[in-house]
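What follows is a short report on a single structure.
In the UniProt record's numbering, the protein residues as written are 1 to 569.
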């Protein structure tokens with residue numbers, strides 16, 4: 001589907017904070033399309049990307065041979081289910097094919113769905129659903145050596161990890177993690193788990209647990225309502241060990257976007273805060289990240305609930321976040337956490353929960369929480385104007401007719417708490433998507449509403465493309481979300497945040513009533529790294545170094561590309 005626009009070619013869709021939306025391919029054009037955005041051109045063509053029901057889970061037959069069968073539909077927001085598109089004819093390029101088109105694909109029927117954007121009303125659902133561009137044979141089984149057998153390469157200090165990516169050289173997956181490894185016995189003897197997420201493919205999720213833990217109790221914390229909730233419950237019928245906790249979403253267009261695991265072991269307890277949905281696509285060929293806590297031991301019998309606190313107040317902040325759900329299903333989890341020692345945690349928790357907050361409560365959630373922590377636990381940097389602020393995300397919401405409405409006002413004030421700075425926003429271009437491991441379907445996880453984009457053309461002056469050669473992930477489109485302040489030579493970080501929060505007011509909150517109230521629509525969660533939380537020798541290095549970072553520029557007239565994503569070491 002083509003539509004005239006004033007801002008050139010960009011990967012966009014009808015959603016703001018939603019994940020993993022798979023695009024149909026546009027109609028064939030006799031002229032080869034322009035890939036790079038040209039902000040001077042008007043009008044031009046816009047490609048619209050759409051949400052796909054999750055991919056296929058491998059199912060074992062009686063002879064233990066891997067058989068590909070359709071998995072259950074992924075669960076997302078109700079609004080997302082209301083938007084479907086009927087385009088199915090693929091674009092054919094005569095040269096420079098992306099890595100994905102070299103792979104044999106079959107096409108089977110599957111549903112796609114989409115959510116509304118922050119400030120827009122979702123359109124009605126069309127009658128016909130398009131075909132799944134990935135097809136039944138899209139996924140390849142990972143080789144046996146794809147998974148770690150020991151923890152020698154793990155980063156115990158910062159505990160930040162990238163997800164493994166299928167289809168890149170093995171060396172780039174060293175030290176990275178797959179969900180099967182996270183749930184494996186090498187991290188503990190699992191007794192029970194709680195999975196907070198936005199999209200679920202329950203049959204696939206269950207298969208990621210090792211056989212010995214596959215029937216252990218699981219609670220799924222979700223934001224589904226009505227029909228989509230019924231479908232989620234239907235998915236779980238074959239699994240009596242799965243229970244549900246529905247997150248309250250009382251404000252329009254809010255989502256339960258938090259991605260967290262609470263893992264209870266015979267040996268203790270662990271928290272994992274991540275950026276991946278619980279569907280196979282998110283653990284296959286996308287750039288994702290996570291923070292994995294240490295193994296928290298139980299406190300001595302009779303210890304007060306306030307015992308076991310960390311220097312970053314992580315324990316009390318986590319408890320406050322869980323209590324904000326007001327969910328009886330989480331009461332036992334809250335009590336258990338109080339019985340564990342979280343004192344080894346060195347990161348700060350930054351969450352969002354739906355509501356309107358005034359007074360001291362304004363600084364508990366969203367970007368005002370980030371502002372408060374930066375104000376209290378960091379110091380201004382020298383030559384502050386040369387320390388750039390980078391924001392990197394996979395979805396963009398409505399921010400107003402000009403930058404002063406939110407981005408360059410309250411949100412900029414938060415990001416530049418340490419002093420004024422230049423700002424760059426990293427978001428993949430159409431060329432990034434076209435040449436990615438997944439090809440154009442990767443754009444489904446990079447939603448940006450057409451209507452919203454046309455209202456904020458000013459935003460594109462901030463855009464930079466995606467480039468990650470050092471980690472081997474330049475062709476693995478980012479679903480990770482990171483925000484940071486970097487030194488002029490890209491060797492130091494003043495602070496670093498990995499989170500589920502995309503670039504939107506729904507995720508971060510927006511001030512109201514003459515700045516006396518903040519309104520947050522969605523649940524989000526992330527962790528903040530600050531130098532002051534680490535040992536003195538690390539403080540001097542401003543937390544960590546970015547390995548071999550460089551600034552790469554497009555030809556004249558095109559946007560710059562920051563080779564910005566680097567593995568912490």
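C-beta: ideal position from N, C-alpha, C; glycine also.
Legend entry - Burial state of residue 288 (16 or more Cβ within 10 Å): Working through the chain shown from its first residue, we reach residue 288 at position 288. So residue 288 ends up on the buried side.
Inset, instruction - With hydrogens ignored, establish whether the beta-carbon of residue 463 is closer than 7 Å to any heavy atom of the ligand SAH. - result: The ligand SAH is not part of the structure shown, which contains no ligands of any sort.
Inset, instruction - Please name the residue in 274, 326, 336 and 322 whose C-alpha comes closest to that of residue 303. - result: Working through the chain shown from its first residue, we reach residue 303 at position 303. Taking the Cα of residue 303 as reference, the smallest distance to any Cα among 274, 326, 336 and 322 is reached at 336.
Inset, instruction - Counting only the same chain and skipping the five closest in sequence on each side, list residues whose C-beta sits under 7 Å from that of residue 358. - result: Here residue 358 is taken as the residue at index 358 of the chain shown, counted from 1. Closer than 7 Å at the Cβ level, and outside the excluded window around residue 358, lie 516 and 517.
Legend entry - Neighbourhood of residue 319 by C-beta distance below 8 Å, restricted to the same chain and skipping five residues each side: As a first step, residue 319 is located in the chain shown; it is residue number 319 there, counting from the start. If the five residues before and after residue 319 are omitted, its C-beta is found closer than 8 Å to the C-beta atoms of 334, 337 and 338, all from its own chain and listed in chain order.
Inset, instruction - Give the single residue among 212, 232 and 206 whose Cα lies nearest to the Cα of residue 218. - result: As a working note, residue 218 is residue 218 in the chain shown. When each option's Cα is compared against that of residue 218, the closest is 206.
Inset, instruction - Could you say which of 382, 404 and 522 lies nearest to residue 486 if we only look at CA atoms? - result: Start at 1 with the first residue of the chain shown, and residue 486 comes out as number 486. Of all alpha-carbon atoms in 382, 404 and 522, the one lying nearest the alpha-carbon of residue 486 is that of 382.
Legend entry - Residues that residue 347 bridges to, as DSSP identifies them: One-based indexing of the chain shown puts residue 347 at position 347. Answer is none; residue 347 lacks a bridge partner.
Inset, instruction - Compare the Cα-Cα distances from residue 228 to each of 181, 387 and 246 and report the closest residue. - result: Walking along the chain shown from the start, residue 228 turns up at place 228. It is 246.
Inset, instruction - Take the Cβ of residue 489 as the centre, count every other Cβ of all protein chains shown within 10 Å, and call the residue buried at 16 or more, exposed below. - result: Stepping through the chain shown from its first residue, residue 489 is reached at position 489. The C-beta of residue 489 has fewer than 16 other C-beta atoms within 10 Å across all chains shown, which makes the residue exposed.
Legend entry - Bounding residues of the beta strand (DSSP E) (the contiguous stretch that carries residue 466): Stepping through the chain shown from its first residue, residue 466 is reached at position 466. Start and end: 463-466.
Legend entry - residue 357 in three-state terms, based on DSSP: Walking along the chain shown from the start, residue 357 turns up at place 357. Assignment of residue 357 by DSSP, reduced to helix, strand and coil, places it in the strand class.
Inset, instruction - Please report how far the alpha carbon of residue 172 lies from the alpha carbon of residue 178, in whole angstroms. - result: Locating residue 172 in the chain shown gives position 172, where the first residue counts as 1. Locating residue 178 in the chain shown gives position 178, where the first residue counts as 1. Looking at the two C-alpha atoms, the distance is approximately 13 Å.
Inset, instruction - Classify residue 503 as buried or exposed, calling it buried when 16 or more other Cβ atoms lie within 10 Å of its own Cβ. - result: If you number the chain shown from 1, residue 503 lands on position 503. Around the beta carbon of residue 503, a 10 Å sphere encloses 16 or more other beta carbons of the protein chains shown; the residue is thus reported as buried.
Legend entry - Spatial neighbours of residue 314 in its chain, beta-carbon cut-off 6 Å, leaving aside the 5 residues before and after: Here the question's residue 314 lines up with position 314 in the chain shown. The residues are 342, 345 and 349.
Inset, instruction - Assign residue 158 to one of three DSSP states: helix, strand, or coil. - result: For the purposes of this step, residue 158 is identified with residue 158 of the chain shown, where counting begins at 1. Residue 158: coil per DSSP, three-state reduction.
Inset, instruction - May I have the straight-line CA-CA distance separating residue 139 from residue 234, to the nearest angstrom? - result: One-based indexing of the chain shown puts residue 139 at position 139. One-based indexing of the chain shown puts residue 234 at position 234. Here the alpha carbon of residue 139 sits roughly 25 Å from the alpha carbon of residue 234.
Legend entry - Given 8 Å, three or more beta-carbon pairs between the segment 446-455 and the segment 394-403: Two segments are said to touch when three or more pairs of C-beta atoms, one from each, lie closer than 8 Å; by this definition the segment 446-455 touches the segment 394-403.
Legend entry - Member of 376, 265 and 427 whose CA lies at the smallest distance from the CA of residue 414: For the purposes of this step, residue 414 is identified with residue 414 of the chain shown, where counting begins at 1. Just measuring C-alpha positions, the residue of 376, 265 and 427 sitting nearest residue 414 is 376.
Legend entry - Between the CA atoms of residue 316 and residue 373 - distance to the nearest angstrom: Position 373 of the chain shown holds residue 373. Position 316 of the chain shown holds residue 316. Computed Cα separation, rounded: 15 Å.
Legend entry - Rounded Cβ spacing between residue 167 and residue 270 (contact assumed at less than 8 Å): Translated into the one-based positions of the chain shown, residue 167 becomes position 167. Translated into the one-based positions of the chain shown, residue 270 becomes position 270. Taking C-beta atoms under 8 Å as the contact rule, residue 167 and residue 270 fail to qualify, at a distance of about 29 Å.
Inset, instruction - Report all residues from its chain with a CB closer than 6 Å to the CB of residue 64; omit the five preceding and five following residues, and keep chain order. - result: Indexing the chain shown from 1 puts residue 64 at position 64. With a pLDDT of 42 at residue 64, under the threshold of 50, the predicted position of this residue should be treated as unreliable, though the coordinate-derived value follows. None.
Legend entry - Outcome for residue 421 when other beta-carbon atoms lying within 10 angstroms are tallied against a minimum of 16: The residue labelled residue 421 in the question sits at position 421 within the chain shown. Under this definition residue 421 is a buried residue.
Inset, instruction - Flag this pair as yes or no: are the beta carbons of residue 290 and residue 274 separated by less than 8 Å? - result: The residue given as residue 290 occupies position 290 in the chain shown. The residue given as residue 274 occupies position 274 in the chain shown. The answer is yes: Cβ separation under 8 Å.
Inset, instruction - Could you give the DSSP three-state label for residue 333: helix, strand or coil? - result: Taking the chain shown and counting its residues from 1, the one referred to as residue 333 is at position 333. If DSSP states are grouped into helix, strand and coil, residue 333 belongs with the helices.
Inset, instruction - Would you decide whether residue 476 is buried or exposed? Buried here means 16 or more other CB atoms lie within 10 Å of its CB. - result: Residue mapping note: residue 476 aligns to position 476 of the chain shown, counting from 1. Looking at its Cβ environment, which holds 16 or more other Cβ atoms inside 10 Å, residue 476 is buried.
Inset, instruction - Kindly provide the ranges of any alpha helix (DSSP H) runs that are 4 or more residues long and lie completely inside the segment 154-215, ordered along the chain. - result: Within the segment 154-215, the runs of alpha helix (DSSP H) at least 4 residues long that lie entirely inside it are, in chain order, 179-182 and 202-208.
Inset, instruction - Would you decide whether residue 507 is buried or exposed? Buried here means 16 or more other CB atoms lie within 10 Å of its CB. - result: Translated into the one-based positions of the chain shown, residue 507 becomes position 507. That one is buried.
Legend entry - C-alpha gap between residue 423 and residue 388, whole angstroms: Residue mapping note: residue 423 aligns to position 423 of the chain shown, counting from 1. Residue mapping note: residue 388 aligns to position 388 of the chain shown, counting from 1. Their backbone Cα atoms lie some 6 Å apart in a straight line.
Legend entry - Those residues which DSSP pairs with residue 488 across a bridge: Taking the chain shown and counting its residues from 1, one reaches residue 488 at position 488. Answer is none; residue 488 lacks a bridge partner.
Inset, instruction - Taking only the alpha-carbon atoms, compute the straight-line gap between residue 570 and residue 294 and give it to the nearest angstrom. - result: The displayed coordinates of the chain run from 1 to 569. Any statement about residue 570 would go beyond what the structure contains.
Inset, instruction - Could you tell me if residue 362 is buried or exposed, where buried requires 16 or more neighbouring beta carbons within 10 angstroms of its beta carbon? - result: Translated into positions along the chain shown, residue 362 becomes position 362. Here residue 362 is buried, its C-beta having at least 16 other C-beta atoms within 10 Å.
Legend entry - Span of the alpha helix (DSSP H), counted from its first residue to its last, around residue 412: If you number the chain shown from 1, residue 412 lands on position 412. Here the alpha helix (DSSP H) through residue 412 covers 412-415.
Legend entry - Exposure label - residue 197; buried when at least 16 CB within 10 Å: The count along the chain shown starts at 1 and reaches residue 197 at position 197. Residue 197 should be labelled buried.
Inset, instruction - Pick out whichever of 366, 214, 479 and 163 has its Cα sitting closest to the Cα of residue 647. - result: Lying before the first or after the last residue shown, residue 647 is absent from the chain, which here runs from 1 to 569.
Legend entry - DSSP beta-bridge partners of residue 392: Taking the chain shown and counting its residues from 1, one reaches residue 392 at position 392. Per DSSP, 426 and 482.
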